[in-house]
Amino acid sequence: MSVAIETRALAKRFGGLVALDGVDLKVEAGETLGIIGVNGAGKTTLMNCICGLYRPDAGDVFVAGEQVTGQPPHVVAHRGVGRTFQVPRVFRKMSLIDNLLVPVLDHRASDAELIGRAEAMLERMRLIELRHNHAEELSGGQQKLLEMARMLMPDPSIVLLDEPFAGVHPLLCKFMIDRIEEMTRAGKAVLLISHDLTSIYRLSARVVALNQGRVIAEGGVDAIRDNPAVIEAYLGM
Amino acid sequence: MALSSRTLEPADRIYFTLAALIGGVLLVYFASVPLLGGNLAFHFYLMLWITMASAFNVAAGFAGYLPFGYVAFYGVGAFTTAILVKKAAIPIFLALPLAGVAGLMLALLFAPTLRLSGIYFGIVNLALAGVCRLAITNMPDWLTGGSFGLQLGSRAEPVHSFYMMMAVMVAALATILWLARSRLGKALRATRDDPDAADMMGVNVPRIRLYGWLISAVFPAICGGIEAWYTNVVDTETAFNTLITAKTVIYAVAGGLGTVTGPVVGAVAMVWLDELIWRRFPLLNLLILGVATVALVLFLPRGIVGTLLRRKPQWRRYVP
Amino acid sequence: MGLLILNGLANGLIVGGIYALVGVSLTLLYGVLRVVNFAHGEFVIAGSFLAFALFSGLGVPPLLALPVAAVTFFAAGWALYYVLIPRLALSDDPELMSFLMFYGVSIAAAALMLLLFGADSRSIDDTFSPVSVPLGPIYVSTARLVALGITAVLSLALAWFLFRTLPGKALRAAIMNREAIQIMGVDIVRLSAFAFALATALAGVTGVLIALVFPAFNPFSGAEYTIIAFIVVVLGGLGNPMGALLAGVIYGLAEQMATVFLPQAMAQIVGFAILIGTIFFRPSGILGTRMRR
């Protein structure tokens, strides 16, 4: 099993605020790693540092064995990393199809092929009827699905999901969980941030708990669930 | 791009037919103006504004920048053309493309400002245009003609420059039509909508922005050159007039940024309005322009075409 | 040379004070409303024209024109707010739309002044005697000295208002965090209207002072002042009133000293250079931005 994502001693601060304080992390191909922690624990900052949106103040990020610390997001994306955002960041004034085409614009395939793939993806996400609508016309849940579809278009081997279930209807949650399980079965490495502990425990084999920018617990689902440090962090907030 | 490798969906066929129709009508209409003795000046400037507004649309509508110093490209193009023709005896047909190159070079010079956000970019761009104007004003008189400006030739050639303007207008519209459907166009619009998300989707944001910016710089520079040819004179007052940016921005916004037909509709509507008002109330011209802009922003912020498409989103696929 | 430098310093302070006020009004507007007032220069020059009209038409001395300008511009600002701003908030991109809208306002305002007063440069002359006053080795025009005094008083009054009175503190709070202040029960609409009216009044008053300090103005002088306002605002930090005051003085001094040491052409570029330099190297301004973006 190869290491898909690795961070070493990752640190990031914003002025006086320490967001990440030395985080070591490993995600293997075909594995889903869950990240939990209260608000402000550093989860999204961690993800942003991995994918290149933030430049870490210290430490390193490795993706598929290559060092990508501080590289711009499009470089990291080309190493096979895909990502969704906590609040959906779809391209509001572009059609659904166009949204899906953006990640594959530099692929050699013909327009017809790419459009075909995009339509197939929209079918799977049950958004095909709205394919020519502008993304801003979608509901919140639909936008989350669109983001997921968009992320999957270039078939990334590493997937970063930031709170995919936040504010999502339970039926849609089930749908998304199925899609995520598909990803793991396909051999992708998945890094999953979520407040929804049930989904995390279902999808992840391993879980990392963050608090105040540090890893306070790491291990199997059951171990984390009963970990006193984790319980205290959640209750003591 | 989308034309070669797949059979066109009916919607696309309508789209391109409409585009061809509009282009054809414009071509036939303008081509016939000199032949039928129509108002050359009015139609020349109408074509100029259509081109300027469309090129501005690339920067604003597609790439998401509001260059409030857009006139810098125009002025530099005008002076480059005049200097090449008058001082270096270069034929106009060579000078005009070189004016375009001058626009490109200026755009490259301004490129570091592209990473600034909306307002900052707008203000800095305005300041940079001011610097350009100052620089040219302070160049030696033997080069730029000082306060009298430069005269290109012994006499103006209105008909030749008219047809050149027409050719450039068609070229500009064709370029924007291509851009609207091309992969570069999609990358640009994604960058406009959400630069970080676009970056995360593999779009090389700085490079894409640069391409869009360069494209938007070529046409105003050439326009400046053609207008210099048309009027046969160039000076800093008229070549760097802030009203040029103002009208370009307003006409483009009036029609609707982000569509191909928007700026055309906007330019036609506003130039026509301007002509109408100017005939009746020559003194109120500027005031009405200002009030019209405010009214547009308040009541029709997406422009004529933009608002229409908002009401009827299903038409979006058919309207270029 | 020494005399030139002293003159430069004196003028720099006087002009700097004016620039400071121009900047403060714009920064208040941006800080509270997130509105980019492209017409700011025109508002200021409108004040100058008001002073001119009062003086040449009714013989009102400029000093009296100050309160008149303050009141009329405050009322005008209040009205203008309710006409223009509420619809703006509904659009997709209020900041950029405000940019465009005030662009239109600036054109309309310049056109209006052009219609009312014509294109000629106007000035208000000889309103004080003696015309100039010796200050050590140099002579300074009395009008300018008076203007400097008024500027200083206004700045102090403004500082006192912002830091010691409740509405002033509310304004500063709104600049720092617009959302939070609404949660605390402040009527953001009325506060914004007040900020707009205050900024407009300040602009008008500054215009009167400009009529005292500068030799001439015309309807198109507004554009110059808009750029100056932006430079001062960026230099002082967006939304930072104290920063704007400081930045204005610094910029005024820099500009005047530049004319002493550099050829005319170069001196004009100083302003642009400061603007571009600040945005690239210290975008939060010399005192830093006060507000959350």
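Residue numbers (the working numbering), protein chains in the order written: chain G, 1 to 237; chain L, 1001 to 1320; chain V, 2001 to 2293.
Idealized CB from N, CA, C, for every residue including glycine.
If you count every other CB in all the chains shown that lies within 10 Å of the CB of residue i, and 16 or more means buried, which is it?
i       : result
V/I2276 : buried
V/R2293 : Caution applies to V/R2293, whose pLDDT of 37 falls short of 50 and renders its modelled position unreliable; the value that the coordinates give is listed next. Under this definition V/R2293 is an exposed residue.
V/A2010 : buried
V/Q2264 : exposed
V/R2172 : buried
L/R1115 : exposed
G/K12   : buried
V/T2165 : exposed
L/Y1029 : exposed
L/T1017 : exposed
L/F1162 : buried
G/E182  : exposed
V/G2008 : buried
V/M2097 : buried
L/S1005 : Confidence is the limiting factor: at L/S1005 the pLDDT is only 42, short of 50, which leaves the residue's position unreliable, though a coordinate-based value still follows. The residue is exposed, with fewer than 16 neighbouring Cβ atoms inside 10 Å.
L/T1191 : buried
What is the C-beta distance between residue i and residue j, in whole angstroms, given that I count them as a contact (C-beta under 8 Å)?
i       : j       : result
G/P228  : G/M153  : That pair is no contact at about 43 Å.
G/S204  : G/T44   : Between G/T44 and G/S204 the Cβ distance is about 17 Å, and since that is not below 8 Å, they are no contact.
V/L2158 : V/V2024 : 7 Å
L/V969  : L/G1149 : Here chain L comprises residues numbered 1001 to 1320, so residue 969 of chain L is not present and cannot be evaluated.
V/L2100 : L/T1245 : Actually they do not touch by this definition, with Cβ atoms about 12 Å apart.
L/G1077 : L/G1225 : 5 Å
V/A2295 : V/A2109 : Coverage of chain V is limited to positions 2001 through 2293, which leaves residue 2295 of chain V absent and any answer about it impossible.
G/M94   : G/A135  : 6 Å
V/F2230 : V/G2077 : Rounded, the Cβ-Cβ distance is 19 Å, inconsistent with contact.
L/Y1071 : L/A1129 : Note that residue 1071 of chain L is Val in the sequence shown here, rather than Tyr. About 6 Å; that satisfies the 8 Å criterion.
V/A2203 : V/F2055 : The pair is not a contact, with the Cβ atoms about 19 Å apart (cut-off 8 Å).
Under 8 Å Cβ-Cβ, which residues of chain L neighbour residue i?
i       : result
V/S2025 : The contacting residues do not exist; V/S2025 stays about 17 Å from chain L at best.
G/F91   : R1189, A1190, D1193, D1194, A1197 and A1198
V/A2223 : T1242
G/L53   : D1196, D1199 and M1200
Residue i: which of the options sits nearest, CA to CA?
i       : options                               : result
V/P1997 : V/G2204, V/A2273 and V/L2003          : Beyond the ends of chain V as shown, which are 2001 and 2293, falls residue 1997 of chain V; an answer cannot be given.
L/V1305 : L/G1037, L/Y1074 and L/V1268          : L/V1268
V/L2021 : V/A2152, V/G2031, V/R2122 and V/S2091 : V/A2152
G/C49   : G/G40, G/A41, G/N39 and G/D60         : G/D60
G/F165  : G/H195, G/E182, G/S157 and G/G187     : G/H195
L/Y1045 : L/M1166, L/P1282, L/L1143 and L/L1284 : L/M1166
G/P88   : G/V81, G/N99 and G/H78                : G/N99
G/G187  : G/V221, G/G80 and G/Q143              : G/G80
L/S1216 : L/V1203, L/Y1074, L/S1032 and L/Y1120 : L/Y1074
V/G2016 : V/T2206, V/S2121, V/L2238 and V/M2101 : V/T2206
G/Y201  : G/I36, G/A29 and G/V3                 : G/I36
L/G1024 : L/V1159, L/M1169 and L/A1129          : L/M1169
G/T7    : G/P170, G/V221, G/E137 and G/C51      : G/C51
V/N2218 : V/A2076, V/V2083, V/L2006 and V/F2052 : V/F2052
L/I1050 : L/S1032, L/A1072 and L/L1027          : L/L1027
V/T2142 : V/M2176, V/P2062 and V/L2198          : V/P2062
G/F85   : G/D155, G/R225, G/A41 and G/E147      : G/E147
Going along chain G in order, which residues have a C-beta closer than 9 Å to the C-beta of residue i?
i       : result
L/N1204 : P72, H74, V75 and D106
L/R1317 : S95 and H132
Could you work out which residues of chain V lie near residue i, taking near to mean beta carbons separated by less than 7 Å?
i       : result
L/V1071 : None at all; the shortest Cβ gap to chain V is about 13 Å.
L/L1287 : A2108, A2111, L2112 and L2115
Contact criterion: CB-CB distance below 8 Å. Does residue i meet it with respect to chain A?
i      : result
G/P103 : Although the question refers to chain A, the structure presented lacks it and instead comprises the protein chains G, L and V.
Would you mind telling me which residues of chain G sit closer than 7 Å to residue i, beta carbon to beta carbon, in chain order?
i       : result
L/P1301 : Going along chain G, no residue has its Cβ under 7 Å from L/P1301, so there is no contact; the nearest lies around 13 Å.
What residues from chain V crowd round residue i, counting only those whose CB sits closer than 9 Å?
i       : result
L/T1293 : L2100, M2101, Y2103, G2104, V2105, I2107 and A2108
L/L1210 : Near L/L1210 there are no residues of chain V at all, since even the closest Cβ is about 17 Å away, more than 9 Å.
What residues of chain V sit near residue i, judged by a beta carbon separation below 8 Å?
i       : result
L/V1124 : L2275, I2276 and I2279
Since residue i meets chain L, which of its residues come closer than 7 Å, beta carbon to beta carbon?
i       : result
G/D98   : K1186
V/S2091 : P1301
(request) Please name the residues in the region 131-148 of chain G whose beta-carbon is closer than 8 Å to at least one beta-carbon of chain L, in chain order. (result) For chain L, the residues of the region 131-148 of chain G that bring a beta carbon within less than 8 Å of one of its beta carbons are H132, N133, H134 and E137, in chain order.
(request) Please list the residues of the region 1170-1203 of chain L that have a C-beta atom closer than 7 Å to any C-beta atom in chain G, keeping them in chain order. (result) Flagged, chain order: R1183, K1186, A1187, R1189, A1190, D1193, D1194, D1196, A1197, A1198, D1199, M1200, M1201, G1202 and V1203.
(request) Give, in chain order, every residue of the region 1240-1270 of chain L whose Cβ lies closer than 8 Å to some Cβ of chain G. (result) Within the region 1240-1270 of chain L, the qualifying residues are G1258.
(request) For the region 1127-1150 of chain L, enumerate the residues whose C-beta is nearer than 9 Å to any C-beta of chain V, in chain order. (result) Residues of the region 1127-1150 of chain L with a C-beta atom less than 9 Å from some C-beta of chain V are A1127, L1128, G1130, V1131, L1134, A1135, T1137 and N1138, listed in chain order.
(request) For the region 1087-1120 of chain L, enumerate the residues whose C-beta is nearer than 9 Å to any C-beta of chain V, in chain order. (result) Listed by position along the chain: P1112, T1113, L1116, S1117, G1118, I1119 and Y1120.
(message) At a CB distance below 7 Å, what residues from the region 2255-2279 of chain V approach chain L? Give them in sequence order.
(response) Under the 7 Å Cβ criterion, the region 2255-2279 of chain V contributes A2265, Q2268, I2269, F2272, L2275, I2276 and I2279.
(request) Identify each residue in the region 2200-2230 of chain V for which the Cβ-Cβ distance to at least one residue of chain L is less than 8 Å, and report them in chain order. (result) Under the 8 Å Cβ criterion, the region 2200-2230 of chain V contributes A2223, I2227 and F2230.
(request) Taking a Cβ distance cut-off of 8 Å, strictly less, list which residues of the region 160-175 of chain G are near chain L, in chain order. (result) Closer than 8 Å at the C-beta level to chain L, one finds no residue of the region 160-175 of chain G.
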